[in-house]
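Presented below is the structure to which this report refers.
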Amino acid sequence: MSISWGNATSLTAAGLSAVAAAGAWLAAHRSANTADTVARIEQDRWHADLLPQFVLTLGPLEGDRGTLHVHLAGPLALCQLDEIRIEIVQSDDMSYTSTLAGGVPQEEIDAQVWGPLRFTHGANGADINGKTVEPFGMAVGRGHPFSVELTRPPRWIEGNDRAERWRERWAGKPVRMVLTCRRDGFKDWVVPRELEVSQGT
Numbered sequence: 060m061s062i063s064w065g066n067a068t069s070l071t072a073a074g075l076s077a078v079a080a081a082g083a084w085l086a087a088h089r090s091a092n093t094a095d096t097v098a099r100i101e102q103d104r105w106h107a108d109l110l111p112q113f114v115l116t117l118g119p120l121e122g123d124r125g126t127l128h129v130h131l132a133g134p135l136a137l138c139q140l141d142e143i144r145i146e147i148v149q150s151d152d153m154s155y156t157s158t159l160a161g162g163v164p165q166e167e168i169d170a171q172v173w174g175p176l177r178f179t180h181g182a183n184g185a186d187i188n189g190k191t192v193e194p195f196g197m198a199v200g201r202g203h204p205f206s207v208e209l210t211r212p213p214r215w216i217e218g219n220d221r222a223e224r225w226r227e228r229w230a231g232k233p234v235r236m237v238l239t240c241r242r243d244g245f246k247d248w249v250v251p252r253e254l255e256v257s258q259g260t
């Protein structure tokens, strides 16, 4: 069976058209992937540029209570945060686990604030352990005061001098906090901060 030059030319043209179409599809696919990658990089850069900047200050303690001031200083382009969650976390790098059978339940150990300060229960929607307060929104340039107090030793620390030993344990240690910030259209920002607690406060 013979194929005419006309048919051969048509088949060749069809084959070349198919190759060209496949090449165009591949180029478009690569271009779309590149555009997605560039968009992701730009979104991550914009997210980093909008990292919330907080100024934290601690007023003088009156007795065992004081005021923590949280100020959202910037960046200006952020405009506002829809929600801020603050958690006081442990002020040292120790591991606190229940290791003895019949000992202190791990839930109690986890509930204890291991550090010099906690939020005052009942103020600003603080939880019973003083680790967190009720979430809130804030505009750039604004601030919010929170009632804090010195932590107390857990029930399983014994002795008449337990309160004194507990204060000595945290003397010179900072209060550590994690601020988790949310704004619609962006991934959450997680901002860890430390605040020195001076001996004079």
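Going by the working numbering, the first residue of the sequence shown is number 60, and it counts up by one from there.
All residues carry an ideal CB built from backbone N, CA and C; glycine is no exception.
Between Trp225 and Pro233, the gap from beta carbon to beta carbon reaches 7 Å or more. A distance below 6 Å between beta-carbons, with the five flanking residues on each side excluded, links Glu253 to the following residues of its chain, in chain order: Pro233, Arg235.
A straight-line Cα-Cα distance of about 34 Å links Leu115 and Ala98. When C-alpha distances from Pro111 are compared across Leu176, Ala132, Gly202, Asp243, the shortest belongs to Ala132. Inclusion of Val148 and His203 in the CB contact set at 7 Å is not warranted, their separation being larger than that value.
For Val192, the three-state secondary structure derived from DSSP is coil.
When DSSP assignments are scanned along the stretch 109 to 188, the uninterrupted stretches of beta strand (DSSP E) that are 3 or more residues long and fall wholly within it turn out to be 112 to 117, 124 to 133, 139 to 148, 176 to 178. In the displayed model, Trp248 falls within a strand according to three-state DSSP.
Ile187 is the residue among Met153, Asp220, Ile187, Ile143 whose C-alpha sits nearest the C-alpha of Val207. Judged by DSSP in its simplified three-state form, Thr210 adopts coil rather than helix or strand. Glu142 places its beta carbon less than 7 Å from that of Arg241.
Annotation for Ala136: Asp108, Leu109 place their beta carbon closer than 8 Å to its own, counting only its chain and skipping 5 residues before and after. Between Met153 and Glu193, the alpha-carbon positions lie close to 27 Å from each other. By the C-beta density criterion, Gln171 is buried, having at least 16 other C-beta atoms within 10 angstroms. Judged by DSSP in its simplified three-state form, Val234 adopts strand. Looking at the DSSP output, His106 sits in no beta bridge, so it has no partner there.
By the C-beta density criterion, Val249 is exposed, having fewer than 16 other C-beta atoms within 10 angstroms. Our two residues, Pro134 and Ile216, have alpha carbons roughly 45 Å apart in a direct line. With 16 or more other Cβ atoms from the protein chains shown falling within 10 Å of its own Cβ, Trp173 counts as buried. CA-to-CA, the gap between Gly189 and Thr96 works out to about 43 Å.
In terms of Cα proximity to Arg214, the closest of Glu121, Val163, Gln102 is Val163.
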